[in-house]
Amino acid sequence: MFEFKTKTKQLAIALTLLGAILWVVGFALNGSSSHDAGHGHDAHLTEEVHIDARYDAHAEEAHDDHSYGLHTEEADEYPGEAHASMIAAYGSDQVNEVHDTHAEEAHADHIDNSEDTYHTEGHNAHDSHAAHQIANRPWSALYVAAIFFFGLGIGQLFFLGIQYVAQAGWSAGLLRLMEAQSFTIIAPLLVIAILSILGFGHVHHMFHWMAEGIHIDGHDNFDPIIAGKRGFLNPTFFTIRILVYIGGWVWAAKTLRKYSLMSDTGDGVLMWKKNRGVAAAFTVFYAVTSSTSAWDFIMSIDAHWFSTLFGWYTFSGMFVSSFAALIFLTLYMKGQGLMEWVNENHLHDLGKFMFAFSVFWTYLWFSQFVLIWYANIPEEVTYYMQRFEQYKVPFFTMLVLNFVLPVLAVLSRPAKRIPGTVVMAAVFVLVGHYMDHYVMIMPGTVGSHYGFGLVELGPILFFAGLHIYVVLSSVAKAPLLHKNHPMITESKNFHQ
Amino acid sequence: MSMGHTKHNPIVRALFNDDDIVLNAVKDLRSNGYHISEVYSPFPIHGLDEVMGLKRTRLSTAAFFYGLTGLFFCSWLTWYTMISDWPQNIGGKPNEYWALNMPSFIPVMFELTVFFAAHLMCWSYFAVNKLYPGAKAQNPDPRTTDDHFLMEVELEGEEADLTKKLQELGALEISKVEA
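Here's what the structure looks like:
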């Protein structure tokens, strides 16, 4: 039985409070410094606005040209060309210049061809757009951390479900840790829900589709593409979906835990069978909601863009980072001198899962990227253009952290059985997937106004503290050994 | 597996009909100081390499470098055939130099990495085990390809002691071969 010592408890609470304070301070500073930037670095800000405007121009072209069939000569001529050179630009400065000229022409043409009134309106819209992006940063930073830590919980909840559905034996001795870790979905989900409500109230502007009048023809904010998606992206249905997700997932986490605890004093086989039923239902539910929640939570930020495998991509990232967190938890328990039935064979399997899903994530990342890159359709390719240009450093760093380094660290068999190398790979994966979520969310909410400061660090500490507190207090509430699990002996004798 | 042993003791062969019994016999004999030179089995026995004290195979390390060879070979192949020798323009993709067009080559780079690793691993395995078309079977008793297990123990000390020990451990047939 694990004892959650007062000192550890205080540490976790201190981390949470410190994170909250840092975020609040960062939030206050963010407001003031953005005004300074506006006055002090006019040229700089104008440039940023210009870059953002380019993406907007392209998005507008995209729907002019493709979605609505409003063919003009220019529209027919340049978008493909401009995009072709743009996507080539990541390797070549020379091409980059060509692309810039094209982009500027594109933008200029667009404005020139418009009515004068539209011109002014468009310009104002860009200015307020930049102000919104600066104001969005603390909210987005909070959101990135919430999504990341939610992933650590939901990944293990799904993995716990798989153990029952697949009737796995090797993992029986680790189930209590998975149960504890799956409770960590609750706090991030509440933050995600609150942030959506604030979005409906226009407190922040992370979700462009939540803007006022976006679906009303003739309104200043009218956006025909988003209006076409109104059936799915509307506040009522969105709220219902979030409630359904929270309900289904939290129910599964609580019920799996309940029967697991009941088996300690009762019939292990019966409780295992009940849990298998719960897990089967949850697995099917999660198969659908993992995709839809990824669309809702993340993909709807770039509401013009879509990718059919985005749900699996997000899921695989969450799944692999949850293994990294479970490895930390397992080794922490071993470090406390507990769980003598868990040995390097179990660590080997956890390492294999982390390795395999790191490769799986890369596979999905590449599948999503290469089709968009190859097809070069303007409305799709804008998503990667922004990441290749504005987010070059985090974008490529996270690819190395999530694929190259874990593969090299735990490719060989002995490396997966040594705590040191597995922990090293787990650190790469955790940092890498925080950055992956960052690169998924930030470009659509803050554009070029991104960075890593108090507002980013605060939420990480806040959720890390909460995560540690929730996991360790849940672990401390029950014996670590699931002693009446029908396959507990198999788990103890497991070797490979 | 007896490679590196300079002294050549006579070999005692013992036949068993159960993998668990073989596993226990190997453990028991080795703890009594005997050297097991080989075990023949119709299927892989889980944990046998460990109790026999065999060194881990280096095939996986070799596989890593075979894969790397494939990766480099493919990088060269795509560069030479698609960029350098006869530049190919497919779908208007940039092809001024290799890295620009690299994403299109990733599938084939992956395939050749796997191809090189798999094929060279197979060939290495055959070479190390002296398996080639027309090779003579190294199996002392054909029943070990069906439902029996054969263990070769190097004889140390009195033959009667070892025979008795093997009988206690569940051997069905015991025979001695001069080295």
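Residue numbers (my numbering), protein chains in the order written: chain A, 1 to 496; chain B, 1001 to 1179. Backbone N, C-alpha and C fix where the C-beta goes; we use that ideal spot for every residue, glycine too.
Cβ of residue i less than 8 Å from any chain B Cβ?
i: W373 (chain A); result: yes
i: S412 (chain A); result: yes
i: L355 (chain A); result: Leu is not the amino acid found at residue 355 (chain A); the sequence shown has Phe there. No, its Cβ sits nowhere closer than 8 Å to a Cβ of chain B.
i: F366 (chain A); result: yes
i: H66 (chain A); result: With a pLDDT of only 40 at H66 (chain A), under the threshold of 50, the placement of this residue in the model should not be trusted; the figure read from the coordinates follows. No, H66 (chain A) lies away from the interface with chain B (no Cβ there is under 8 Å from its Cβ).
i: H495 (chain A); result: yes
i: V439 (chain A); result: no
i: F4 (chain A); result: no
i: V381 (chain A); result: no
i: V407 (chain A); result: no
i: V370 (chain A); result: yes
i: L480 (chain A); result: no
Beta-carbon separation of residue i and residue j under 8 Å?
i: A252 (chain A); j: G153 (chain A); result: no
i: N1095 (chain B); j: M1082 (chain B); result: yes
i: Y1066 (chain B); j: L1112 (chain B); result: no
i: T192 (chain A); j: A146 (chain A); result: In the sequence under discussion, the amino acid at residue 192 (chain A) is Ile, which differs from the Thr named in the question. The answer is yes: Cβ separation under 8 Å.
i: L1166 (chain B); j: A1014 (chain B); result: yes
i: F1051 (chain B); j: V1012 (chain B); result: Per the sequence shown, residue 1051 (chain B) should be read as Val rather than Phe. Going by C-beta atoms, V1051 (chain B) is not nearer than 8 Å to V1012 (chain B).
i: F1198 (chain B); j: V1022 (chain B); result: Since the first residue shown for chain B is 1001 and the last is 1179, residue 1198 (chain B) is missing from the structure and cannot be characterised.
i: V471 (chain A); j: T283 (chain A); result: no
i: A478 (chain A); j: L261 (chain A); result: yes
i: S374 (chain A); j: S1104 (chain B); result: Residue identity check: residue 374 (chain A) is Tyr in the sequence provided, not Ser. Going by C-beta atoms, Y374 (chain A) is nearer than 8 Å to S1104 (chain B).
i: A303 (chain A); j: L233 (chain A); result: yes
i: S316 (chain A); j: W361 (chain A); result: yes
i: V427 (chain A); j: V359 (chain A); result: no
i: T382 (chain A); j: W305 (chain A); result: yes
i: F150 (chain A); j: L177 (chain A); result: no
i: G256 (chain A); j: V278 (chain A); result: Residue 256 (chain A) is actually Leu in this sequence, not Gly. Going by C-beta atoms, L256 (chain A) is nearer than 8 Å to V278 (chain A).
i: A325 (chain A); j: Q181 (chain A); result: yes
i: G458 (chain A); j: A20 (chain A); result: yes
i: L347 (chain A); j: V422 (chain A); result: yes
i: T292 (chain A); j: R230 (chain A); result: no
i: M333 (chain A); j: L480 (chain A); result: yes
i: A141 (chain A); j: V429 (chain A); result: no
i: F388 (chain A); j: F357 (chain A); result: no
i: F207 (chain A); j: P235 (chain A); result: no
Closer than 8 Å, CB to CB, is residue i near chain A or not?
i: G1033 (chain B); result: no
i: P1133 (chain B); result: no
i: S1060 (chain B); result: yes
i: P1087 (chain B); result: no
i: G1047 (chain B); result: yes
i: G1053 (chain B); result: no
i: I1021 (chain B); result: no
i: I1106 (chain B); result: yes
i: F1064 (chain B); result: yes
i: P1044 (chain B); result: no
i: P1142 (chain B); result: no
Under the assumption that residue i contacts residue j (Cβ atoms under 8 Å), give the Cβ distance between them as a whole number of angstroms.
i: I301 (chain A); j: T314 (chain A); result: The pair is not a contact, with the Cβ atoms about 12 Å apart (cut-off 8 Å).
i: R137 (chain A); j: H449 (chain A); result: 6 Å
i: I441 (chain A); j: V144 (chain A); result: 5 Å
i: H522 (chain A); j: N402 (chain A); result: As shown, chain A starts at 1 and ends at 496. That puts residue 522 (chain A) outside it, with no answer to give.
i: K274 (chain A); j: Y259 (chain A); result: 5 Å
i: Q390 (chain A); j: L309 (chain A); result: Q390 (chain A) to L309 (chain A), Cβ: 23 Å. No contact.
i: L1048 (chain B); j: V1153 (chain B); result: In fact, because the Cβ distance is near 14 Å, the residues do not count as touching under 8 Å.
i: W579 (chain A); j: K492 (chain A); result: Nothing can be reported for residue 579 (chain A), as the shown portion of chain A is limited to 1 through 496.
i: L18 (chain A); j: L350 (chain A); result: Their Cβ separation, rounded to whole angstroms, is 30 Å, which puts L18 (chain A) and L350 (chain A) out of contact at 8 Å.
Which residues bound the beta strand (DSSP E) around residue i?
i: E1173 (chain B); result: 1173-1177
i: M1151 (chain B); result: 1149-1154
i: A1014 (chain B); result: 1011-1016
i: V1039 (chain B); result: 1036-1040
Where does the unbroken alpha helix (DSSP H) through residue i begin, and where does it stop?
i: I377 (chain A); result: Note, I377 (chain A): premise wrong, no alpha helix (DSSP H); not H, not E.
i: H433 (chain A); result: 419-445
i: G1053 (chain B); result: Careful: G1053 (chain B) lies outside any alpha helix (DSSP H) and carries neither H nor E.
i: Y1080 (chain B); result: Looking at the DSSP string, Y1080 (chain B) is not in any alpha helix (DSSP H), and its letter there is neither H nor E.
i: R230 (chain A); result: Per DSSP, R230 (chain A) belongs to no alpha helix (DSSP H) and is neither H nor E.
Return no unless some Cβ of chain C is closer than 8 Å to the Cβ of residue i.
i: G1091 (chain B); result: The displayed structure is made up of protein chains A and B, and chain C is not among them.
Considering only heavy atoms of the ligand MN, does any lie closer than 7 Å to the CB of residue i?
i: V400 (chain A); result: With respect to the ligand MN, the structure offers nothing, as it holds no ligand at all.
Please give the ranges of any alpha helix (DSSP H) in the segment 1111-1149 of chain B, keeping only runs that are unbroken, at least 4 residues long and fully inside the region.
Fully enclosed alpha helix (DSSP H) runs of 4 or longer: not present.
So within the segment 143-183 of chain A, which uninterrupted alpha helix (DSSP H) runs reach at least 4 residues, ignoring any that extend past its ends?
Here the runs fully enclosed are 175-182.
Taking only runs that begin and end inside the segment 242-269 of chain A, name each unbroken alpha helix (DSSP H) of 4 or more residues, in chain order.
If we require 4 residues or more, the segment 242-269 of chain A turns out to have no alpha helix (DSSP H) run fully inside it.
Give the list of continuous alpha helix (DSSP H) stretches no shorter than 4 residues that lie fully inside the segment 345-408 of chain A.
Segments of the alpha helix (DSSP H) lying fully in the segment 345-408 of chain A: 378-389, 392-399.
Which complete alpha helix (DSSP H) runs does the segment 176-225 of chain A hold, if anything under 4 residues is left out?
Note on the segment 176-225 of chain A: whole alpha helix (DSSP H) runs with a minimum of 4 residues are 186-200, in chain order.
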